[in-house]
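Trainee: One structure coming up, written as structure tokens, with questions to follow.
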Amino acid sequence: MKEARPSFRSRSPGATRAAAAAFGRLATPGTVICLRGPLGSGKTVFVQGLARGLRVGRGQQVRSPTFTLLHEYAGRLPLFHWDLHRIRSAEEWAALGWEEVCDGPGVAVLEWADRAGSALPRDRVEVTLGIAGPRERMLTLRATGRHSRALLRAWCAAHPL
Ligand SMILES: Nc1ncnc2c1ncn2[C@@H]1O[C@H](COP(=O)(O)OP(=O)(O)O)[C@@H](O)[C@H]1O
Ligand SMILES: [Mg+2]
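Numbering (my numbering), first residue to last: 3 to 163.
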């Protein structure tokens, strides 16, 4: 069976947040979302939407965790926000204990997931963001296992592409 890779053209930061919020509403314990794409492509904007969908309180602002690799937010489920921008090697990443976090009862989202090499949870939603114009971003989505396939299917049903 050919793997479905839905893609979605976002025309504003709000549209990216809305798409991500739908993931937040549908996420279940163990959901992992990996974000790839250049600086300014909207990875942090996506995490803001995801947090909103998980009902993270407005007092807990989502920013690029510049000096912190991991931020935790309390929502309907705990949200673990990794930013791997400063990781220089897969070994550095492997030493951080990410498996415990990703195997826990929360939702994990990773910016700059490419820095982790292949050391990533097996079952995850991959979101690749591309810059298509000043306010346009292309989001391409892919699931790598059972949990993520079910989530992506539910997202496609809930979110008009
Ligand atoms: N359609 C869009 N979706 C997401 N961000 C957008 C969009 N159009 C413009 N932007 C802008 O692009 C920037 C994305 O920044 P950010 O999310 O921090 O990127 P990254 O985390 O990938 O480096 C923000 O300034 C945002 O306002
Ligand atoms: Mg960012």
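We put the beta carbon where it would ideally sit given N, CA and C, even for glycine.
Can you give me the Cβ contacts of Ala22 inside the same chain, cut-off strictly under 6 Å, excluding the 5 residues immediately before and after it?
Mentor: The residue given as residue 22 occupies position 20 in the sequence shown. Phe48, Gly51, Leu52.
Trainee: Please name the residue, chosen from Arg88, Arg139, Ser91, that lies closest to Ser14 on a Cα-to-Cα basis.
Mentor: Your numbering for residue 14 matches position 12 in the sequence shown. Comparing Cα-Cα distances from Ser14 to each of Arg88, Arg139, Ser91, the minimum goes to Arg139.
Trainee: Am I right that Leu153 and Ala29 are in contact with their C-beta atoms under 8 Å? What's the rounded C-beta distance?
Mentor: Mapped onto the sequence shown, residue 153 falls at position 151. Mapped onto the sequence shown, residue 29 falls at position 27. 7 Å between Cβ atoms; contact.
Trainee: Mind checking whether the beta-carbon of Glu128 lies closer than 7 Å to any heavy atom of ligand 1?
Mentor: The residue you call residue 128 lines up with position 126 of the sequence shown. Flag unset: Cβ of Glu128 not near ligand 1.
Trainee: Where do the N-terminal and C-terminal ends of the alpha helix (DSSP H) with His166 fall, by residue?
Mentor: Nothing can be reported for residue 166, as the shown portion of the chain is limited to 3 through 163.
Trainee: Can you name, in chain order, every residue of its own chain whose Cβ lies under 7 Å from the Cβ of Arg155, other than the five neighbours on each side?
Mentor: Counted from its first residue, the sequence shown places residue 155 at position 153. Excluding positions up to five away in sequence, the list is empty.
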